[in-house]
Amino acid sequence: MKRILIAIVLIFSLLLIPSTANIASADESDNTSYEFGNVTLEVEVVPPKPAPAPAPPTGDGAPAAYSVKTDIFGKVKTFYTNYKGEVQKTIEATSKDGLLTFTIPKKTTALGEDGKRLKGLEAAVDESPPDPPEDAHIIGLAYDFGPDGATFEPPITFTWSYDHYILPTGIVEKDLVLAYHDGEAWIELEC
Numbered sequence: 007m008k009r010i011l012i013a014i015v016l017i018f019s020l021l022l023i024p025s026t027a028n029i030a031s032a033d034e035s036d037n038t039s040y041e042f043g044n045v046t047l048e049v050e051v052v053p054p055k056p057a058p059a060p061a062p063p064t065g066d067g068a069p070a071a072y073s074v075k076t077d078i079f080g081k082v083k084t085f086y087t088n089y090k091g092e093v094q095k096t097i098e099a100t101s102k103d104g105l106l107t108f109t110i111p112k113k114t115t116a117l118g119e120d121g122k123r124l125k126g127l128e129a130a131v132d133e134s135p136p137d138p139p140e141d142a143h144i145i146g147l148a149y150d151f152g153p154d155g156a157t158f159e160p161p162i163t164f165t166w167s168y169d170h171y172i173l174p175t176g177i178v179e180k181d182l183v184l185a186y187h188d189g190e191a192w193i194e195l196e197c
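The numbering used here puts the first residue of the sequence shown at 7, with every later residue one more than the last.
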């Protein structure tokens with residue numbers, strides 16, 4: 007506000023100066039006080055604020071614009087995306103039991119449900135998943151990924167492993183499916 011007021015005073019003072027008269031005198035000691043006939047103008051010089059520090063580099067010379075906090079299988083980390091949500095470095099995470107790995111390649115566009123870049127990313131074991139459909143079983147651990155509605159382009163890769171010795175009697179490997187729960191029902195994924 008002070009800068010705007012000074013600018014207004016300077017414009018007003020300049021309008022008071024006749025173009026043919028040289029009536030200005032300056033105090034030689036600090037060059038901040040000027041006298042124009044009966045009008046005295048006090049000027050305070052305010053240096054500009056320093057520019058903000060640039061974002062940390064991504065390794066290829068381009069600045070990383072936005073950090074994304076993650077809590078993946080209990081490990082809290084940060085990764086970076088650009089304004090459009092493109093991941094700046096490949097992300098790979100493996101569950102504590104070593105049976106699930108997912109990969110988000112560099113340059114993957116990661117967006118939230120609102121269509122804007124992700125603000126966070128979570129992955130954890132779901133301790134109490136919804137009951138499976140009748141005559142179905144959950145084999146191994148169920149996982150909860152967030153945020154809900156996140157999208158990845160191209161799609162990210164999940165690799166699940168399991169021990170075939172833990173399959174219930176009567177279940178054969180060719181009948182296994184991956185599914186997610188949408189809040190109302192289990193939905194099978196095409197694999």
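Where is the CB? At the ideal position from N, CA and C, for every residue including glycine.
Because the structure is a prediction, the values reported are computed rather than measured.
- With fewer than 16 other Cβ atoms inside 10 Å of its own Cβ, S134 counts as exposed.
- The beta carbons of G126 and P153 sit closer together than 8 Å.
- Just so you know, the alpha carbons of D141 and T175 end up roughly 12 Å apart.
- Of the candidates D120, I145, E128, the residue whose Cα lies closest to the Cα of L105 is I145.
- Segment contact: the region 110–123 against the region 85–98, three or more CB-CB distances shorter than 8 Å; contact assigned.
- The continuous beta strand (DSSP E) containing T100 extends over residues 97–100.
- Annotation for A129: the continuous beta strand (DSSP E) segment containing it runs 126–131.
- Excluding residues up to 5 positions away in sequence, D132, P135 lie with their Cβ nearer than 6 Å to the Cβ of A148 in the same chain.
- Taking every protein chain shown into account, the CB of I110 has 16 or more other CB atoms within 10 angstroms, so this residue is buried.
- Taking 8 Å as the cut-off, the Cβ atoms of Y72 and T96 do not count as close.
- The three-state secondary structure of E92, taken from DSSP, is strand.
- G155 is a Cβ neighbour of E119, given a cutoff of 8 Å.
- Going by DSSP, T114 is part of no beta strand (DSSP E) at all; its letter is neither H nor E.
- Around H143, the same chain offers P174 as residues with beta carbons nearer than 6 Å, after the five sequence neighbours per side are excluded.
- Following the DSSP letters along the chain, one finds I78 inside the beta strand (DSSP E) bounded by residues 72–78.
- Restricting attention to V74, S167, I162, the CA atom closest to the CA of E179 is found in S167.
- In the DSSP assignment, no residue is bridged to T175.
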